[in-house]
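Quick note, the sequences are listed as chains A and B, same order.
The first sequence maps to residues 2 to 322 in our numbering.
The second sequence maps to residues 2 to 322 in our numbering.
Just so you know, even glycine gets a beta-carbon here, dropped at the ideal spot from N, CA and C.
Only a predicted model underlies this, so the values are computations on that prediction, with no experimental measurement involved.
Everything below concerns the one structure shown next.
Number of protein chains: 2
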Amino acid sequence: MHPLHHIPTAKEVEVTHQAIAPMIHRTPVLSCQSIDQLAQARLFFKCENFQKIGAFKMRGASSAALRLSDDEKARGLATHSSGNHAQAVALSAKTLGIPAHIVMPKNAPAIKKAATRGYGATIYDCENTLAARESTLEEVVAKTGATFIHPYNDYNVIAGQASCAKELIEDYEGLDAIIAPIGGGGLISGTALSARYFAPGLRVYGAEPEEVDDAYRSFKSGQLQHNTTINTIADGLRTNLGEKTFDIIQRELEDIYTVSETAIGHAMRLVWERMKIIIEPSCAVPLAAILEEPTRFEGQKVGVIITGGNVDLSSFFDRLL
Amino acid sequence: MHPLHHIPTAKEVEVTHQAIAPMIHRTPVLSCQSIDQLAQARLFFKCENFQKIGAFKMRGASSAALRLSDDEKARGLATHSSGNHAQAVALSAKTLGIPAHIVMPKNAPAIKKAATRGYGATIYDCENTLAARESTLEEVVAKTGATFIHPYNDYNVIAGQASCAKELIEDYEGLDAIIAPIGGGGLISGTALSARYFAPGLRVYGAEPEEVDDAYRSFKSGQLQHNTTINTIADGLRTNLGEKTFDIIQRELEDIYTVSETAIGHAMRLVWERMKIIIEPSCAVPLAAILEEPTRFEGQKVGVIITGGNVDLSSFFDRLL
């Protein structure tokens with residue numbers, strides 16, 4: 002596979018999916034009668050919380066890593082991340098037998114640092130600002146010659162994320178709509194491409210927290226906007242869109258819904274209690290959008306992408322024992 | 002199907018499974034590489050947390066309910082329970098379109114009362130003692146003519162619980178061992194029967210909390226013993242064996258392991274974090290027994306029954322939001 006410098010074509014998404022298949026799980030799709038009743042729709046949850054490293058990020062990172070030349074591979078992968086992308090890059094590197102250099106802010110959860118280190122990556126601590134992350138990364142890249150894998154604003158990553166909706170479409174024909182959360186926009190961009198290529202007519206929706214709604218405002222205004230706060234429990238969605246992901250979103254999405262923090266917490270608890278699966282707050286955002294206004298998808302078959310399950314459970318277990 | 006007054010035969014387990022199939026889910030079997038590494042064995046988790054009402058109890062309750070005569074059915078089902086069995090009896094009754102009368106102690110979690118009421122059952126509050134539960138149940142049965150469904154010391158119930166291991170054996174040939182927690186002993190009895198009938202040579206183990214170890218002491222002494230404390234987070238395992246379940250346990254089990262509370266909590270957290278599924282503390286007891294001494298099952302294929310996923314999540318969500 003060669004690196005992509007344009008929006009991935011159907012053929013390129015297919016080739017990517019085939020190439021990354023040995024590095025990812027084909028995740029299951031679950032459904033839940035009692036949530037369907039509340040939603041007045043049939044929901045098909047694509048469970049990326051069961052993906053390797055516990056999140057869909059493994060798809061994009063492995064796609065980008067596999068596209069490097071042998072020379073580039075030998076010098077390794079680099080990124081900055083406080084969360085799932087760090088682990089995805091680290092595990093991709095481990096699987097390919099190459100080095101990974103991960104810049105992590107000092108306030109990143111210890112458990113995520115430990116997991117990233119557990120995959121054999123070298124961790125570089127930095128201050129908790131984006132500027133510090135970027136300058137530390139620059140130094141690391143200059144020193145090691147490693148290739149920076151962007152978490153979302155990269156067509157190679159988007160091609161990998163597209164494999165998630167592609168699997169869902171293959172497993173469940175006849176979906177009316179598909180909905181996914183929007184952080185940096187890599188997942189929703191890949192989702193939109195797979196819908197267009199493999200299920201023409203399938204409508205694609207995004208969902209965001211009310212207060213962290215850069216994609217919503219960008220989509221409605223036609224101009225790339227930035228978040229003004231990071232006030233949400235959906236920690237995976239605090240990122241701003243990139244110009245590549247905004248471009249795809251603007252052209253391919255049917256609509257974007259925003260939801261309150263209370264609605265996110267309620268939807269998350271519903272999934273934990275009724276489906277007995279652990280999902281991150283970010284993944285509850287699309288379900289919150291469905292439940293808030295059930296007429297939106299009434300009587301339809303809707304694919305819902307559960308993006309990950311990496312949650313800090315300390316508060317629960319510290320009390321339990 | 003007729004009521005069973007003897008240990009269910011292979012044929013009776015098969016007929017039961019067929020009869021209850023429309024009332025239960027055939028639950029999935031999950032595995033997890035990183036837990037396998039810790040266990041030094043290949044573990045196959047039979048996920049009854051995804052069962053209807055969130056626990057295996059639906060299997061036994063539906064088996065008992067289906068065996069009633071039309072007259073008995075018309076008068077309804079009755080039981081006393083603070084937890085999963087209450088919901089299983091209530092849902093079985095609802096599915097059959099008959100009344101359910103459930104005696105619940107005042108201190109039963111509000112969420113479990115609400116769920117039981119949600120299935121249309123009539124709830125009778127009583128004091129928090131076993132004596133109060135039994136006397137209230139007697140009154141209810143006298144008044145309504147409903148049939149008492151015992152949670153475990155009943156061959157009809159045991160025949161239903163046997164369907165769980167039967168499915169696991171059908172889905173994964175070549176298991177070396179199977180391990181399940183022991184509360185009243187209904188599940189382990191059914192598991193042992195299915196192993197003997199459908200996978201001769203498959204060794205069956207039980208697991209219990211160290212301080213609530215009536216089955217362990219009964220098994221080792223050959224005399225039915227009672228619990229002296231209920232000091233365990235594994236709330237599903239605080240019950241004492243019955244004479245019917247002890248009889249089967251004594252004859253069919255390879256061994257019983259006991260584990261500390263710390264080990265139970267550790268194993269439970271491991272499953273939540275690595276497998277992203279919600280399991281009750283009770284289901285963590287077998288895994289704790291495996292992890293405590295990995296040489297016990299080293300290199301083997303082991304079926305592990307995850308009995309349920311009904312956990313009060315308030316402490317987690319109250320903090321989150």
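Item: I'd like to know if the region 129–137 of chain B and the region 153–160 of chain B are in contact, where contact means that at least 3 CB-CB pairs between them fall below 8 Å.; Value: no
Item: Counting only Cβ pairs nearer than 7 Å, list the residues of chain B close to A:F317.; Value: S316 and F317
Item: Would you call the region 232–245 of chain B in contact with the region 288–307 of chain A, where contact means no fewer than 3 C-beta pairs closer than 8 Å?; Value: no
Item: Which same chain residues, not among the five before or five after A:M269, have their C-beta less than 7 Å away from its C-beta?; Value: I280, P282 and A285
Item: Going by the CB atoms, is the gap between A:P152 and A:H227 shorter than 7 Å?; Value: no
Item: Indicate whether B:L44 and B:V303 have their beta-carbon atoms separated by less than 7 Å.; Value: yes
Item: Can you tell me where the beta strand (DSSP E) holding B:D256 begins and where it ends?; Value: D256 to V260
Item: Using beta-carbon positions only, say whether A:I257 and A:Y217 come within less than 7 Å of one another.; Value: yes
Item: Does any residue of chain A have a CB that is nearer than 7 Å to the CB of B:L97?; Value: no
Item: Does any residue of chain B have a CB that is nearer than 7 Å to the CB of A:N50?; Value: yes
Item: On the CB-based measure, 16 or more other CB atoms within 10 Å of its CB, does B:N50 come out buried or exposed?; Value: buried
Item: Of the choices B:M2, B:P4, B:V14 and B:H3, whose alpha-carbon is the least far from that of B:S190?; Value: B:V14
Item: With 7 Å set as the bound, which would you pick, yes or no: does the beta-carbon of A:K114 sit closer than that to a beta-carbon of chain B?; Value: no
Item: Compare the C-alpha of A:R252 against each of A:L97, A:T10, A:F220 and A:L203 and name the closest.; Value: A:F220
Item: Shorter than 7 Å from the beta carbon of B:L292 to some beta carbon of chain A?; Value: no
Item: Okay, do the region 71–81 of chain A and the region 100–108 of chain A touch, 3+ Cβ pairs below 8 Å being the bar?; Value: yes
Item: Give me the chain A residues within the contact set of B:T263, using Cβ-Cβ distance strictly less than 9 Å, ordered along the chain.; Value: L322
Item: Would you mind working out which of B:Q162, B:R68 and B:A42 sits nearest B:I25, comparing C-alpha positions?; Value: B:Q162
Item: Please classify B:G161: does DSSP put it in a helix, a strand, or coil?; Value: helix
Item: Please say whether A:P182 and A:P287 have beta carbons closer to each other than 7 Å?; Value: yes
Item: Anything in chain A within Cβ reach of B:G266, meaning under 8 Å, just list it in chain order.; Value: F318, L321 and L322
Item: For A:D72 and A:Q88, what's the separation of their Cα atoms in angstroms?; Value: 23 Å
Item: Could you list which residues in chain A have their beta carbon closer than 9 Å to that of B:I279, in chain order?; Value: W273, E274, M276, K277, I278 and I279
Item: Suppose you measure from the CA of A:A122 to the CA of A:A91; what does that come to, to the nearest Å?; Value: 5 Å
Item: Using 6 Å as the cut-off, classify the Cβ of A:V104 as near or not near the heavy atoms of the ligand FMN, replying yes or no.; Value: Ligands are entirely absent from the displayed structure, and the ligand FMN is therefore not among its contents.
Item: May I have the straight-line CA-CA distance separating A:E255 from B:G187, to the nearest angstrom?; Value: 52 Å
Item: Strictly below 9 Å CB to CB, what residues from chain A border B:G55?; Value: E274, R275 and K277
Item: Out of B:A22, B:D37 and B:A109, point me to the one whose CA is closest to B:A62's CA.; Value: B:A22
Item: Specify, as a first and last residue, the run of the beta strand (DSSP E) that A:P282 falls within.; Value: Run containing A:P282: none in the beta strand (DSSP E); it sits in the alpha helix (DSSP H), P282 to E293.
Item: Is B:A235 helix, strand or coil by DSSP?; Value: coil
Item: Please say whether B:S164 and B:G18 have beta carbons closer to each other than 7 Å?; Value: According to the sequence shown, residue 18 of chain B is His rather than Gly. Yes, the pair counts as a contact, with Cβ atoms nearer than the cut-off.
Item: Using a Cβ-Cβ cut-off of 7 Å, state whether B:G77 counts as contacting chain A.; Value: no
Item: Would you kindly report the start and end of the unbroken alpha helix (DSSP H) that includes A:T145?; Value: L131 to T145
Item: Report back the beta-carbon spacing between B:G310 and B:G55 to the nearest angstrom; my notes put them in contact at under 8 Å.; Value: 5 Å
Item: Short check: CB of B:P201 to CB of B:Q41, under 7 Å?; Value: no
Item: Give me the Cα-Cα distance between A:E274 and B:D319, rounded to the nearest whole angstrom.; Value: 14 Å
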